[in-house]
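Residue numbers (our numbering), protein chains in the order written: chain A, 13 to 125; chain B, 112 to 226.
The structure appears right after this line, and notes come after that.
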Amino acid sequence: AQSVTQPDIHITVSEGASLELRCNYSYGATPYLFWYVQSPGQGLQLLLKYFSGDTLVQGIKGFEAEFKRSQSSFNLRKPSVHWSDAAEYFCAVGAEGFQKLVFGTGTRLLVSP
Amino acid sequence: DGGITQSPKYLFRKEGQNVTLSCEQNLNHDAMYWYRQDPGQGLRLIYYSQIVNDFQKGDIAEGYSVSREKKESFPLTVTSAQKNPTAFYLCASSIGRGQLNQPQHFGDGTRLSIL
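Put into structure tokens, the structure is as follows:
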């Protein structure tokens with residue numbers, strides 16, 4: 013069965029520091045990969061997506077993610093975090109032939125001054 | 112602006128009562144979804160619909176029902192059979208009939224609590 017793991021429940025980063033959020037997946041097929049962000053009490057907003065091609069994808073708000081097939085990972089990165097980036101981040105995975113996306117349990121990002 | 116509107120934002124249910132959560136989209140999307148979100152559990156799929164007048168159960172459909180009479184509307188009813196309905200409910204939609212290479216667009220959610 014397909015699964016998605018976000019191993020970090022919480023991460024605290026100083027404002028201006030770099031960020032990397034981890035996402036590992038277990039899929040037999042070539043995956044479709046997404047990162048979403050959720051502010052408290054709101055819905056999810058798409059940050060970026062990967063289907064094929066260049067394994068480094070750029071998203072909104074200065075985020076990027078790199079697909080590494082050998083490691084079954086799709087980690088989210090940002091070179092310099094802003095206080096407004098504090099939110100919860102979800103990785104999601106789908107694949108051809110499957111009926112639904114599978115979401116990770118989320119990583120809550122805290123930004124310290 | 113196109114988007115997904117969920118209402119109400121907060122909803123309270125009494126014991127033994129059915130309640131209906133509204134989801135409307137003006138994105139002209141074929142596929143619509145309902146998710147339940149609980150702390151530390153991510154999003155779990157309740158029901159989804161790829162086309163009008165058709166819908167399928169997700170992973171946690173027990174105690175819930177849906178209808179899809181119009182393309183733009185996908186209401187969710189939380190029945191009295193759902194014993195633990197307190198959660199944050201999210202509606203989403205996507206282009207195409209559920210192709211998973213299409214990103215899902217989300218509403219702002221409804222928080223349901225038990226009185």
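Ideal Cβ placement from N, Cα and C applies to all residues, glycine included.
Spatially closest choice to residue i from the options, by CA coordinates
i, options, result
"K182/B", "D165/B, Q152/B, K194/B", "D165/B"
"Y37/A", "P52/A, F79/A, S30/A", "F79/A"
"L121/A", "Q14/A, S15/A, A29/A, V16/A", "A29/A"
"S64/A", "Q50/A, R81/A, V123/A", "R81/A"
"G127/B", "G207/B, A203/B, A192/B", "A192/B"
"C202/B", "G113/B, S133/B, F123/B, R124/B", "S133/B"
"N212/B", "S51/A, F46/A, S85/A", "F46/A"
"P196/B", "G151/B, Q161/B, G153/B, Y175/B", "Y175/B"
"N137/B", "N129/B, G113/B, R155/B, S118/B", "G113/B"
"Q54/A", "I225/B, G220/B, V177/B", "G220/B"
"S205/B", "I171/B, L154/B, H140/B, T131/B", "H140/B"
"Y180/B", "T131/B, I162/B, A172/B", "Position check: residue 180/B holds Glu in this sequence, whereas Tyr was assumed. Taking only the C-alpha atoms, the option nearest E180/B is I162/B."
"V130/B", "H216/B, P214/B, T190/B", "T190/B"
DSSP-derived helix/strand/coil call for residue i
i, result
"R222/B", "strand"
"I206/B", "coil"
Cutoff 8 Å; reference residue i; Cβ partners in own chain excluding five residues on either side
i, result
"Y159/B", "A142, M143, Y144, W145, F166, Q167, G169, G209"
"S92/A", "G28, A29, S30, G74"
"V109/A", "The residue you asked about is not Val; residue 109/A is Gly in the sequence shown. Closer than 8 Å at Cβ, skipping near neighbours: A41."
"I23/A", "L31, L33, T119, R120, L121, L122"
Proximity test, Cβ basis, 8 Å: residue i and chain D
i, result
"K80/A", "No chain D is part of this structure, whose protein chains are labelled A and B."
Sequence-distant residues of the same chain with beta carbon closer than 6 Å to residue i, five excluded per side
i, result
"V114/A", "Q14, V16, V105"
"Q70/A", "E76"
"K90/A", "L31, G74, F75"
"Y44/A", "F63, G106"
"V49/A", "Q57, L59, A99, Y101"
"S118/B", "S133"
"E135/B", "T116, E183, S184"
"L226/B", "F123, K125"
Neighbourhood of residue i by C-beta, 7 Å cutoff - its chain only, sequence neighbours within 5 removed
i, result
"Y121/B", "R222"
"A198/B", "R147, Q148, D149, L223"
"S51/A", "A99"
The ligand SAH heavy atom lying under 7 Å from the CB of residue i
i, result
"T131/B", "The model on display carries no ligand, and the ligand SAH is accordingly not part of it."
Worksheet entry | Any beta strand (DSSP E) of 3 or more consecutive residues that is wholly inside the stretch 135-175 of chain B | 142-148, 154-162, 165-168
Fill in: Whole runs of the beta strand (DSSP E) within the stretch 42-84 of chain A, excluding any shorter than 3 residues
43-50, 56-62, 68-70, 76-80
Discussion item. For a minimum of 3 consecutive residues, which ranges assigned as the beta strand (DSSP E) are wholly contained in the stretch 97-125 of chain A?
Written reply: 99-107, 119-124
Worksheet item: Is there contact between the stretch 74-93 of chain A and the stretch 54-62 of chain A, where contact requires at least three CB pairs shorter than 8 Å?
Response: Touching, per the Cβ criterion.
Worksheet entry | Three CB pairs or more closer than 8 Å across the stretch 93-101 of chain A and the stretch 184-198 of chain B | The answer is no - the stretch 184-198 of chain B does not touch the stretch 93-101 of chain A, with fewer than three Cβ pairs under 8 Å.
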